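Take a look at the structure set out below.
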Amino acid sequence: MPKIYLIDVTNRDAVQASRIIMAKLQKTMLNLYLAEMGIHQSEFSFPSVRHERNYIEGNLELKEMGIMGELVLEGWCRAIVSDVADSLPTGVRDLNISISTSDQMILHKFRGKLD
Numbered sequence: 574m575p576k577i578y579l580i581d582v583t584n585r586d587a588v589q590a591s592r593i594i595m596a597k598l599q600k601t602m603l604n605l606y607l608a609e610m611g612i613h614q615s616e617f618s619f620p621s622v623r624h625e626r627n628y629i630e631g632n633l634e635l636k637e638m639g640i641m642g643e644l645v646l647e648g649w650c651r652a653i654v655s656d657v658a659d660s661l662p663t664g665v666r667d668l669n670i671s672i673s674t675s676d677q678m679i680l681h682k683f684r685g686k687l688d
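The sequence shown begins at 574 in our numbering and counts up by one.
In structure tokens, the structure reads:
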């Protein structure tokens, strides 16, 4: 029987949404609840951002202690070399490296260039 894996993006979306503020403790508790529910993966941080470092270290330590169960803690990065390079020392092993691919973004942000 094929498996279905759920990936939660609440922690990332909450940071990117206006007027939604989650304290680091709230984000950590969310990860604990996701683990308890059996969610496969949490897009839990922006590892290239310095103010996330203590939160990242704390969650990775909880994961190492077995408190997060099988939950995969994934970091989110822009498809920029410096973002990925800055993320590596944090210890986050799973990274979502994203780039916009809509026609509007290619035309306006990337000035129509695909290379």
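For each residue, glycine too, the CB sits at the ideal point set by N, CA and C.
These figures come from a predicted structure and were not determined experimentally.
If you follow the beta strand (DSSP E) that residue i is part of, which residue opens it and which one closes it?
| i | result |
| --- | --- |
| LEU635 | Not the beta strand (DSSP E): LEU635 falls in the alpha helix (DSSP H), residues 626-637. |
| ARG651 | 645-651 |
| SER671 | 667-671 |
Would residue i be called buried (16 or more neighbouring beta carbons within 10 Å of its own) or exposed?
| i | result |
| --- | --- |
| TYR628 | buried |
| ASN632 | buried |
| ARG585 | buried |
| ALA658 | exposed |
| LEU579 | exposed |
| ARG676 | The sequence given here places Asp at residue 676; Arg does not occur at that position. The residue in question, ASP676, is exposed, as its Cβ has fewer than 16 Cβ neighbours within 10 Å. |
| MET641 | buried |
| VAL665 | buried |
| ASN604 | buried |
| LYS682 | exposed |
| LYS600 | buried |
Along the chain, where does the alpha helix (DSSP H) containing residue i start, and where does it finish?
| i | result |
| --- | --- |
| ILE679 | 676-681 |
| LEU607 | 597-610 |
| SER621 | Where SER621 is concerned, there is no enclosing alpha helix (DSSP H), given that its DSSP letter is neither H nor E. |
| ARG585 | 583-589 |
Assuming contact is defined by CB atoms lying nearer than 8 Å, are residue i and residue j in contact in what I supplied?
| i | j | result |
| --- | --- | --- |
| SER671 | ARG684 | no |
| ASP656 | SER615 | no |
| GLU647 | PHE617 | yes |
| THR674 | ARG626 | no |
| HIS613 | VAL645 | yes |
| ALA608 | MET595 | no |
Within 8 Å (strictly less), CB to CB, does residue i reach chain B?
| i | result |
| --- | --- |
| HIS624 | Looking for chain B here will not work: only one protein chain is present. |
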